[in-house]
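Data first, discussion second: the structure below is written as structure tokens.
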Amino acid sequence: MKLKELNEKTPFFVEGIDIDAPKDFVFKFISEYEKHGLWIEGLKEETHTDVEGVVGSTFTEKIKKYGMEDEYCGKVLAYEAGKMYQIEIGDKWVDFKIEYDVEETSPEKTHLIQTAWTLKGTSLHKLFNFFNRQILHNQMEKLKAAVEDEYKKIK
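Okay, structure coming up:
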């Protein structure tokens, strides 16, 4: 199936979560590839090519979900240190833009907002949005737990 350009203006997923860790710790945790295996379910392998200034860096993730392994390719679209991290990621079926925004609510608490849009997809992409929303929600929960566990170790 051929992917068609969608560039949806309305996100299919927006969720916020409070994390008991400082903003800079949370942001660094999200943007460090070495930490991804702690919160991206099914991540088997990740390779990346970094560029100066972060934006334009590329990565490939091999993820096993539902008994099948798939390869996702992506790149960093935008990066504001300590504040916002935006990527494009996709496989043969769909491409997403995902943005992570971090806000300090107190010195030891952070509010993380994750937003996702569909950039490209097959004619069936909307059928899978239910599953994609569930995957992203679960990632947020797992990310919160992983960040808080790691922060407790150094606190």
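Under my numbering, residue 1305 is the last one in the sequence shown; the count climbs by one each step, no gaps.
Cβ coordinates follow ideal geometry from the N, Cα and C atoms, glycine included.
A quick note: this is a predicted structure, and the numbers were derived from the prediction, not measured.
Residue i in three-state terms, based on DSSP
i: Ile-1248; result: strand
i: Ser-1273; result: coil
i: Lys-1303; result: helix
i: Ile-1190; result: coil
i: Asp-1241; result: coil
i: Val-1201; result: coil
i: Lys-1228; result: A small correction: the amino acid at residue 1228 is Ala; Lys does not occupy that position in the sequence shown. Strand, per DSSP.
i: Glu-1258; result: coil
Cα-Cα separation between residue i and residue j, rounded to whole angstroms
i: Tyr-1301; j: Ala-1171; result: 6 Å
i: Lys-1292; j: Phe-1162; result: 20 Å
i: His-1186; j: Lys-1294; result: 12 Å
i: Thr-1197; j: Pro-1257; result: 33 Å
i: Glu-1195; j: Ile-1239; result: 15 Å
i: Leu-1193; j: Met-1218; result: 12 Å
i: Val-1252; j: Thr-1208; result: 22 Å
i: Leu-1269; j: Phe-1246; result: 5 Å
i: Val-1205; j: Glu-1298; result: 27 Å
i: Lys-1233; j: Phe-1175; result: 11 Å
i: Ile-1190; j: Ile-1180; result: 10 Å
i: Ile-1121; j: Tyr-1250; result: Absent from the model: residue 1121. The displayed extent of the chain is 1151 to 1305, so no value can be given.
i: Glu-1254; j: Val-1244; result: 33 Å
i: Ile-1169; j: Thr-1160; result: 26 Å
i: Phe-1278; j: Lys-1214; result: 17 Å
i: Met-1290; j: Ile-1167; result: 7 Å
i: Glu-1182; j: Phe-1280; result: 28 Å
Per-residue burial, residue i [other beta carbons within 10 Å of its own, 16 or more giving buried]
i: Asp-1200; result: exposed
i: Lys-1173; result: buried
i: Gly-1271; result: buried
i: Glu-1211; result: buried
i: Ile-1304; result: exposed
Any C-beta of chain D under 8 Å from that of residue i
i: Phe-1246; result: As a matter of chain content, chain D is missing from the structure shown, which is built from one protein chain.
Checklist entry - Are there three or more Cβ pairs, one per stretch, closer than 8 Å when the segment 1215–1230 is compared with the segment 1264–1271? => result no
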